[in-house]
Structures are given as C-alpha cells and as structure tokens.
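What follows is a set of notes on a single structure, which appears directly below.
Protein chains: 2
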Amino acid sequence: MTASRIRESALRMFAEHGYEGASLAIIASEVGIKKQSIYTHFSGKDELFQEVFLETVNKQIRFLHDYFSNKQKQDVESLLYGFLKGFFVRYEEDEGAKFFLRSIFFPPAHMKDMTGEQGNQFVHGLEDILVPIMEEAKNSGVLEGSLSSRAAAIAYTAVLDAIWVELLYAGPERGMERLKAAWLVYWRGVGANRK
Amino acid sequence: MTASRIRESALRMFAEHGYEGASLAIIASEVGIKKQSIYTHFSGKDELFQEVFLETVNKQIRFLHDYFSNKQKQDVESLLYGFLKGFFVRYEEDEGAKFFLRSIFFPPAHMKDMTGEQGNQFVHGLEDILVPIMEEAKNSGVLEGSLSSRAAAIAYTAVLDAIWVELLYAGPERGMERLKAAWLVYWRGVGANRK
DNA sequence: ATTATCCTGACGAACGTTCGGAAGGGGTGG
DNA sequence: CCACCCCTTCCGAACGTTCGTCAGGATAAT
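Protein sequence lines, in the order shown, are assigned to chains G and W.
Residue numbers for the first sequence follow the numbering used here, beginning at 1 and rising by one.
Residue numbers for the second sequence follow the numbering used here, beginning at 1001 and rising by one.
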C-alpha cells in the first residue's frame, strides 16, 4: 500500500527535520513516486502530518492501557519499574518516539491546538492510571504514608520524562544509566520509612 | 545597535518556529528593516543562528558556574534545591530557554555536530560540578553511603531535566508542582538511612 | 466504462542570497 | 567653511531554487 509507505517515510522526515523542514518531494522520492502523487492519498501536507501524528499518539495511549491492564496483578515495584523499561525498549527501536516528542513540544505553529489537546490527553491518561496505583500501594504499606499519592505519581512521570529525554538526547547507553540511577533514587524516595 | 536587535528577534523566531521555520523576512520586519539588511551584520542565516546559539549556551554555562562558585558554603540540601529553583525562575522568564532546548534536542540537520558538541559541554560541566558535591555529602553523612556519587548526580540531572521539560510543556504552574514532588522524592531517596 | 493510481507540466509564493547604489556621518585637507 | 573621501547602514531589484499545490492526461485493473 502506497499510502502507508508515504506515512512511514513522512514519520521519519517529520521526526528528523520537523514539519517545516520536511519536504514532500523528498518523502515522495523515498517512496519512489513524484511529490504530486501524494495528493492522490492525502489532501495536503497538513492532513498527512495530522494522520501520522494521531496514529502515533494512539499507539502510545494504547501501549499505556495495554500494559497496565495486563499486569495489574504484579507487585507495585515490578509494575512501575517494568513500565519504565517497557518505554525504554519501545523508544529505543521505535521511530515514532522522536516524532511524538518533537510534535508535542515543538509543534507546527498552526497546529498547536490540536497537538496540545492530544498531548494532554496522553498525560492525563497516564496520571489517571498512576494515582490509584500509588494510593493502593500506600494502603498496603509499600509506599510512605505521609507522601501524597499525587506527588508520588508526579515524581514518577518526572522519572519517565527524564528517561526518554536522555534517550532522545544521548542515546540508549546513557539512557539506561539514567534509568537505573533515577529509579533507584525514586524507589528509595517513595518507599515506606525504614527502621 | 541593530545587530543585537536582530539577534533578539532571531532568538524568539528560532525558539518558536525552529531553524527551518524561521524567516529572515519576518525577523527583519520585526526589527523594522528589510531582510537584505541582515547581511550587513551577518554573513547569512547560518551565522546568525550560530551566534545566537553560542551566546545562549554560554549564558547557561556561566549561570552554572556562577551559582556553584558563589554558594559553595551552604548546606547541600539548600544548595541543590536552590539550583533547581534558580533554573526554574530563570527558565520561566528567559526567552532563551526554549531556544536552548529546541536547538539541542532538534537541531537543524547540517549543524548537528556543532550543537551536539556544545550540548555535551554543558552536560559534562554540570556533572563535573555535581559529582564532587555528592561525594562530599556522602562523607559528611548526609547522603546514603551505599549510593554511588555518580548515581546521585545522574538522578539529580534527571530531576533537573524533568523540571524544565514540564516547564516548557505545561507552563510554570505544573512545572512548580513537579519541582516540589520530584525534589521531595529525590531528597528522601538519596538521604542517609533513617532509623 | 469506471475507478484508482501515477505521471507531466505548470502555478504562485516564499525562501535565502547577491549586487549596485542611495543616504548619511565623521574625519581630513584645502 | 567647504569639499572630498571613506565607511557604515540600508534598500530596490533581481537571482535561482524550492516549496506546496492544482489541472489534466496516461495507464492499468476492475
């Protein structure tokens, strides 16, 4: 299918050069067609970007829910740590990660509203999943009782963001280093008071 | 001075629309001149970008060293927490923050080498400052002894990155929320074993 | 015959850049 | 004081290139 090959190439191009820097001519040549032929499958550059973006966001959200609905029975530690590692391996091999981050943090000016909405949906989806988990962990005595569930969840998303930022900036090697260090400190930090 | 007004406008433009998305014509019109006049002060778009970028990076590095050389006498907790807050207020009002992050994470393709080099210089500069601080804090019993200084430093940079990422994405309100939560957990996490 | 797909050709607009010259100020020599 | 030249700053006009996009036709499959 030509349309999906266009989407694949566009994803790489948008990720690497951004919306303004990506050229339909180059995308087309990667697919082996002329740029005008893109208009057979998409109404224009905007629609192409939007389709690729929404597809990518949905993939992220789906991964989110899949993970936490399947592994709810695990203990909290491996549940949370496993999610970090899951994102790690996912973002290591997935071309969409860079595109996702770039589009959310630095969207094309005339699409800021749309990307912002989708981004918030992802963030809130994650928080809505995390807070109950923290709450439950507090009740079972794994997490420090004086710590608010919301704070524990926010700090966790901070760890998550820090990891993919490092992954994006410095690559898997240093990303893994940060993953280990940040998780170690985080888990010590939220753990119930030792005696 | 016209040249510096061009730099100011270019900074905002590059931050908001990226290298490819920024237009010399628009930058010039903001200054009140025609785009050709830019070439009186800069040899081209590349040099303009590079000057603004280097200026911005140097400002960041200078802030880094200024802070830690002036406040070395403080206790470790307020030293480290103060630096986070310093970055916070700095990045809240500084137009250069967005430009700095954007240029380092998503640089124009033909300048990847230069921006990467500068970025690494900043990161290593920070680490070289942090590790000795952690080492000293460990010796004085403030930090958990079984924790490596390097891990404590890496986790700290993770907190820092997470804060400015949230600041950039969601604004000061949520940025501050994350700052508080992440610091709370971090400081609990690296603290010496309570009894 | 209809439909899907890709093409050639061309469009106007914007891009960064170059050239030549117009204005203006400052300093120097007559 | 004036005339000269230099030097800085800016602009009009134009360059070649690339951009996204549109119209119309060719080809092949259904």
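Glycine is no exception: its CB is placed at the ideal position from the N, C-alpha and C atoms.
Predicted model, so just to flag it, every value in this text is computed and none were measured.
Residue interval of the alpha helix (DSSP H) (run including Val-1142(W))
For Val-1142(W), there is no enclosing alpha helix (DSSP H), as DSSP marks it with neither H nor E.
Leu-168(G) touches chain W at which residues, Cβ-Cβ below 8 Å?
Near Leu-168(G) (Cβ distances below 8 Å), the residues of chain W are Phe-1105.
Within this structure, are the beta carbons of Ser-9(G) and Ile-38(G) separated by less than 7 Å?
The answer is no: Cβ separation not under 7 Å.
Would you mind working out which of Leu-54(G), His-65(G), Phe-49(G) and Val-159(G) sits nearest Ala-1155(W), comparing C-alpha positions?
With distances taken between Cα atoms, Ala-1155(W) lies closest to Val-159(G).
Taking buried to mean at least 16 other C-beta atoms within 10 Å of its own C-beta, is Gln-1060(W) buried or exposed?
Burial call: buried.
Starting from Lys-1035(W), trace the alpha helix (DSSP H) both ways and give me its first and last residue.
Run containing Lys-1035(W): none; DSSP gives neither H nor E here.
For Gly-191(G), which three-state DSSP category applies?
In this structure, DSSP gives Gly-191(G) an extended state, which the three-state scheme calls strand.
Using a Cβ-Cβ distance cut-off of 7 Å, determine whether Ala-1196(W) contacts chain G.
Nothing about residue 1196(W) can be reported from this structure: the residues present for chain W run from 1001 to 1195 only.
Under 7 Å, Cβ to Cβ, is there at least one residue of chain G near Ala-1025(W)?
Cβ-Cβ to chain G under 7 Å: no for Ala-1025(W).
Given that Ile-1154(W) touches chain G, what residues does it touch there, using C-beta distances under 8 Å?
One finds Glu-177, Arg-178, Ala-181 and Ala-182 in chain G with Cβ atoms closer than 8 Å to the Cβ of Ile-1154(W), taken in chain order.
Ala-3(G) lies in the alpha helix (DSSP H); which residues open and close that run?
For Ala-3(G), the enclosing alpha helix (DSSP H) starts and ends at 2 to 21.
Below-7 Å beta-carbon distance, Ala-1015(W) vs any chain G residue
Cβ-Cβ to chain G under 7 Å: no for Ala-1015(W).
Rounded separation between Thr-1002(W) and Ser-1023(W) - CA only:
For Thr-1002(W) and Ser-1023(W), the gap between their C-alpha atoms comes out near 17 Å.
Let me see if you follow: with CB-CB separation under 7 Å, is Val-1165(W) close to chain G or not?
For Val-1165(W), a Cβ of chain G is located within less than 7 Å of the residue's own Cβ.
On a Cα-Cα basis, can you pick out the residue from Lys-71(G), Pro-107(G) and Phe-63(G) that is closest to Ser-89(G)?
Ser is not the amino acid found at residue 89(G); the sequence shown has Val there. Of Lys-71(G), Pro-107(G) and Phe-63(G), the residue nearest in Cα terms is Phe-63(G).
Measure the Cβ-Cβ separation of Tyr-186(G) and Val-1131(W) and say whether it is below 7 Å.
No, the pair does not count as a contact, with Cβ atoms beyond the cut-off.
By the 10 Å Cβ neighbour count, where 16 or more other Cβ atoms means buried, how is Ala-117(G) classified, buried or exposed?
It should be noted that the sequence gives Glu, not Ala, for residue 117(G). So Glu-117(G) counts as exposed.
Where do the ends of the alpha helix (DSSP H) carrying His-1065(W) lie?
1045 to 1070 is the span of the alpha helix (DSSP H), which, as asked, contains His-1065(W).
Met-1134(W): which of Ala-1153(W), His-1124(W) and Leu-1126(W) sits nearest, CA to CA?
Cα-wise, what sits closest to Met-1134(W) is Ala-1153(W).
Let me know the secondary structure DSSP gives Asp-94(G) once reduced to three states.
It is coil, neither helix nor strand.
Along the chain, where does the alpha helix (DSSP H) containing Ala-1152(W) start, and where does it finish?
Where Ala-1152(W) is concerned, the enclosing alpha helix (DSSP H) starts and stops at 1149 to 1170.
Starting from the C-beta of Glu-260(G), find all residues in its chain whose C-beta is less than 7 Å away, skip the five residues before and the five after it, and write them out in chain order.
No answer is possible for residue 260(G): the residues shown for chain G start at 1 and end at 195.
Name the residue from Leu-11(G), Gly-189(G) and Val-190(G) whose alpha carbon lies nearest to the alpha carbon of Lys-98(G).
Looking at the Cα atoms, Leu-11(G) is the closest of the given residues.
Could you say if the region 115 to 129 of chain G and the region 40 to 48 of chain G meet the contact criterion of at least three C-beta pairs nearer than 8 Å?
No: fewer than three Cβ pairs fall under 8 Å.
Please classify Lys-1112(W) as buried or exposed, where buried requires at least 16 other C-beta atoms within 10 Å of its C-beta.
Residue environment analysis places Lys-1112(W) among the exposed positions, since fewer than 16 neighbouring C-beta atoms fall within 10 angstroms of its C-beta.
Pick out whichever of Glu-30(G), Ser-148(G) and Glu-20(G) has its Cα sitting closest to the Cα of Ala-4(G).
Strictly speaking, residue 4(G) in this sequence is Ser, with Ala absent from that position. Of the listed residues, the one whose Cα sits closest to Ser-4(G) is Glu-30(G).
Which of the three DSSP states is assigned to Phe-1105(W) in this structure?
In the structure shown, Phe-1105(W) sits in a helix (DSSP, three-state: H, G or I).
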